[in-house]
Amino acid sequence: MIQRPRGTRDFLPDEMERRRHFEGILRSTARTFGFREVATPMFEESELFVLRSGPNVLKELYNFRDKGDREIALRPEMTAPVVRMFVNGMSNDPKPIKVFYFGQCFRYERPQSGRYREFFQFGAEIIGNAGAATDAEAIALAASMIKALGLKDYRIRIGHIGVLRQRLADAGVPADRTAEVLQKLDKKLYDEARPLMEGMGVAQVDIDDVFALTETVGDVSVLERVPGSAGDYLRELISLLDVMGVRDVEVDLGVVRGLDYYTGMVFEAEAPALGAEKQICGGGSYTLSELFGGEKVFSTGFAIGFDRILLAMEKEGIGYGNEGIDAYVIPVTDDVRPQASGIAASLRAAGVSTDMDIMGRKMQKALKYASGAGARTAVIVGAKELEKGCVVLRDMSTGEQREVPVSDVVSAFI
RNA sequence: GCCUGGGUAGGGUAGCUUGGUUAUCCUAGGGGACUGUGGAUCCCUUGACUCGUGUUCAAAUCUCGGCCCAGGCCCCA
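Following the working numbering, the numbering of the first sequence begins with 1439 at its first residue and continues without gaps.
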């Protein structure tokens, strides 16, 4: 027996229908915010991702050399491809460019709860503007999506990478070693961050101050302790979000995020019920296009881990009932099968979801099957009624039946 | 890449400690009882020891290794 590749999943019909349902909610939410959907290739030149994330991503990339000797990688995320697409073909479009995407991504990692080698991301990017209004749009969209899905237990934390970067620079951390320190701070590894910074000649008071800064967590009032333009910026952002109805956010200057290209606001959402892999959304403002050969353009974007958010919803018992079908056509005997097929065809042509017995089952089993398939109405096609030009429509929930002329079957469903 | 625990029909399981008949039960799928009316009942039937290796007269059971799953670490764009 052939096994599925490690870290991949099959989606059986029930599961797939559930996924499509919630994808649809995300798509329509994005559209209500004025975003338009885009798609990019499932694979790209490996260099695209190395430029964005650094050479260490290579070990977690599904990459290979193709028959034309090109170095190719399955996309591990979609921000870089979308920005590449912008540079290639949208750079002269009116700004801002608001796009969203949904698709699978691939990472060669060890699978665990909420982590797969093939997984799905839903994301959005606003390209071509920087500012609190832009950031507010992005965060408001993310928050609306989470809310629209019905998730209850989650946190959205907003930080500002510029605050910390500036403070580190003032404290004497060399620019090329900022990332090292940020990585420790991101994980709150103060025991490791302290000797690291001491080694860079940073004074104890500055170290303590940096640590205090990353511990600035809470509602908007904690920003009173944050001096300078970044503090003002976040206050403006939070008050914009407030009038947009997004109030369940907290300030957390300890939100760091790993990558260099973030320029200002950064945010994350997490679902605590998920345990180790609890982050369901991450994003921020950045510039990336100049790395791919375009002009430097300010952008804000985020991505939602679709699989994880579904997992979190499942843990909260957010269910989804399958849609079933409108009609199930049962030919009572084989000799009326042509008439049954004709009726099924006309229902389908009218957009009525219709299935039909093709197993030659007897009435009893056919009704049982129809019930299991979630059919709302059984269309019973038998010789007795056909003589009168009629078929029987049986309501599957009440058991009520009525005879209708064959010519009126379609209108009975519309 | 590392650690822990798992893997028996499509799904859920018993059996494993103490090796020994035809691998248990529930459910599901197909058919029938019922020749034109569903969710019930009964009967028949389909279908499994993750793969390989070693020990043994004999392995689902014991050994080692691979694969996959779950959880945790590293990483997490």
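Even for Gly, the Cβ is constructed at its ideal location relative to N, Cα and C. Just so we're clear, the structure is a prediction, and the values are computed from it rather than from any experiment.
*Using DSSP with H/G/I as helix, E/B as strand and the rest coil, what is arginine 1444?*
Walking along the first sequence from the start, residue 1444 turns up at place 6. Note: arginine 1444 maps to coil in three-state DSSP.
Original post:
Which whole-angstrom value describes the C-beta separation of valine 1655 and methionine 1638, a residue pair presumed to lie in contact below a C-beta threshold of 8 angstroms?
Top reply: In the first sequence, the residue the question calls residue 1655 occupies position 217. In the first sequence, the residue the question calls residue 1638 occupies position 200. Actually they do not touch by this definition, with Cβ atoms about 26 angstroms apart.
Quiz prompt | Limits of the unbroken beta strand (DSSP E) element including arginine 1603 | solution = For this step, residue 1603 is matched to residue 165 along the first sequence. Note, arginine 1603: premise wrong, no beta strand (DSSP E); alpha helix (DSSP H) at 1599 to 1608.
Same chain, Cβ closer than 8 angstroms to glutamate 1498, neighbours up to 5 away in sequence not counted = For the purposes of this step, residue 1498 is taken as the residue at position 60 of the first sequence. Pro1514, Arg1545, Tyr1546, Glu1547, listed in sequence order.
Check: Which residue spans inside the segment 1729 to 1803 form an unbroken beta strand (DSSP E) run of at least 3?
Finding: Within the segment 1729 to 1803, the runs of beta strand (DSSP E) at least 3 residues long that lie entirely inside it are, in chain order, 1736 to 1743, 1763 to 1769, 1792 to 1794.
Worksheet item: Going by alpha carbons, who is nearest to valine 1664 out of Asp1690, Ala1613, Lys1803?
Response: For this step, residue 1664 is matched to residue 226 along the first sequence. For the residues Asp1690, Ala1613, Lys1803, the minimum Cα distance to valine 1664 belongs to Asp1690.
Cβ-Cβ distance between glycine 1720 and threonine 1517 below 8 angstroms: Within the first sequence, residue 1720 is the residue found at index 282, counting from 1. Within the first sequence, residue 1517 is the residue found at index 79, counting from 1. In this structure, threonine 1517 does not lie closer than 8 angstroms to glycine 1720 by Cβ.
task: Could you tell me which of Leu1496, Ala1578, Val1643, Ile1440 sits nearest to glutamate 1483, measuring between CA atoms?
output: Taking the first residue of the first sequence as position 1, residue 1483 is located at position 45. Cα-wise, what sits closest to glutamate 1483 is Leu1496.
* Asked: Rounded to the nearest angstrom, how far is the Cβ of phenylalanine 1560 from that of phenylalanine 1744, given a contact under 8 angstroms?
  -> By 1-based counting over the first sequence, the position of residue 1560 is 122. By 1-based counting over the first sequence, the position of residue 1744 is 306. 5 angstroms between Cβ atoms; contact.
Self-check item: Residue span of the alpha helix (DSSP H) that contains valine 1488, given as start and end
Solution: As a working note, residue 1488 is residue 50 in the first sequence. Following the DSSP letters along the chain, one finds valine 1488 inside the alpha helix (DSSP H) bounded by residues 1484 to 1491.
(message) Comparing C-alpha positions only, which one of Val1648, Asp1608, Lys1533 sits nearest to glycine 1692?
(response) Residue numbering aside, residue 1692 sits at position 254 when the first sequence is read from its first letter. When only C-alpha atoms are compared, the closest one is Val1648.
Next on the checklist: Tell me the DSSP secondary structure of tyrosine 1724 in three-state form.
Outcome noted: Along the first sequence, read from residue 1 onward, the residue named residue 1724 stands at position 286. In the three-state scheme derived from DSSP, where H, G and I count as helix and E and B as strand, tyrosine 1724 is classed as strand.
field: leucine 1489 and histidine 1598 closer than 8 angstroms at C-beta
entry: Taking the first sequence and counting its residues from 1, one reaches residue 1489 at position 51. Taking the first sequence and counting its residues from 1, one reaches residue 1598 at position 160. For the 8 angstroms CB-CB criterion, leucine 1489 and histidine 1598 do not form a contact.
If you compare alpha carbons, which of Ile1463, Leu1512, Asp1670 is closest to asparagine 1501?
Start at 1 with the first residue of the first sequence, and residue 1501 comes out as number 63. Asparagine 1501 has its Cα closest to that of Leu1512, out of Ile1463, Leu1512, Asp1670.
Those residues which DSSP pairs with glycine 1541 across a bridge: Along the first sequence, read from residue 1 onward, the residue named residue 1541 stands at position 103. Its beta-bridge partners are Gln1559.
Note to self: On the criterion of 16 or more Cβ atoms from any shown chain inside 10 Å, does lysine 1716 qualify as buried, or is it exposed?
What the structure shows: Taking the first residue of the first sequence as 1, we reach residue 1716 at position 278. Flag for lysine 1716 reads buried.
Selection from Val1817, Ile1577, Ala1586, Phe1481 that minimises the alpha carbon distance to glycine 1541 = Position 103 of the first sequence holds residue 1541. For the options Val1817, Ile1577, Ala1586, Phe1481, the alpha carbon positioned closest to that of glycine 1541 is the one of Phe1481.
Please work out which residues of its chain come closer than 7 angstroms, Cβ to Cβ, to alanine 1477, disregarding the five sequence neighbours upstream and downstream, and give them in chain order.
Locating residue 1477 in the first sequence gives position 39, where the first residue counts as 1. Taking C-beta separations shorter than 7 angstroms and ignoring five residues to either side along the sequence, the partners of alanine 1477 in its chain run Tyr1539, Gly1541, following chain order.
Which of the three DSSP states is assigned to leucine 1831 in this structure? Indexing the first sequence from 1 puts residue 1831 at position 393. Looking at leucine 1831 - three-state DSSP - the assignment turns out to be strand.
- Determine the burial state of glutamate 1841: buried for a count of at least 16 other Cβ atoms within 10 Å of its Cβ, exposed for fewer. Here the question's residue 1841 lines up with position 403 in the first sequence. Glutamate 1841 is classed as exposed because its beta carbon has fewer than 16 other beta carbons within 10 Å across all chains shown.
### Query
In this structure, does DSSP put alanine 1468 in helix, strand or coil?
Looking up residue 1468 in the first sequence gives position 30. In the three-state reduction of the DSSP assignment, alanine 1468 falls in the helix class.
Is the Cβ-Cβ distance between glutamate 1575 and phenylalanine 1449 less than 8 angstroms?
The residue labelled residue 1575 in the question sits at position 137 within the first sequence. The residue labelled residue 1449 in the question sits at position 11 within the first sequence. No. Outside cutoff.
Worksheet item: Taking the alpha-carbon positions, what's the methionine 1583 to isoleucine 1594 distance?
Response: Taking the first sequence and counting its residues from 1, the one referred to as residue 1583 is at position 145. Taking the first sequence and counting its residues from 1, the one referred to as residue 1594 is at position 156. Here the C-alpha atom of methionine 1583 lies approximately 12 angstroms from the C-alpha atom of isoleucine 1594.
Worksheet item: To the nearest angstrom, how far is it from the Cα of alanine 1617 to the Cα of glutamate 1728?
Response: Along the first sequence, read from residue 1 onward, the residue named residue 1617 stands at position 179. Along the first sequence, read from residue 1 onward, the residue named residue 1728 stands at position 290. Taken atom to atom, the span from the alpha-carbon of alanine 1617 to that of glutamate 1728 is near 20 angstroms.
For the alpha helix (DSSP H) that contains leucine 1520, what are its first and last residues?
Translated into positions along the first sequence, residue 1520 becomes position 82. Sequence check: residue 1520 is valine here, not leucine. Where valine 1520 is concerned, the enclosing alpha helix (DSSP H) stretches over 1517 to 1523.
Leaving aside the five residues before and after serine 1677 along the sequence, list all residues of the same chain whose C-beta is less than 8 angstroms from its C-beta, in chain order.
The residue you call residue 1677 lines up with position 239 of the first sequence. Residues Val1658 of the same chain have their beta carbon placed closer than 8 angstroms to that of serine 1677, with the five preceding and five following residues left out of the count.
Can the beta-carbon of glycine 1762 be found less than 8 angstroms from the beta-carbon of glycine 1812?
Within the first sequence, numbered from 1, the residue matching residue 1762 stands at position 324. Within the first sequence, numbered from 1, the residue matching residue 1812 stands at position 374. Contact: yes.
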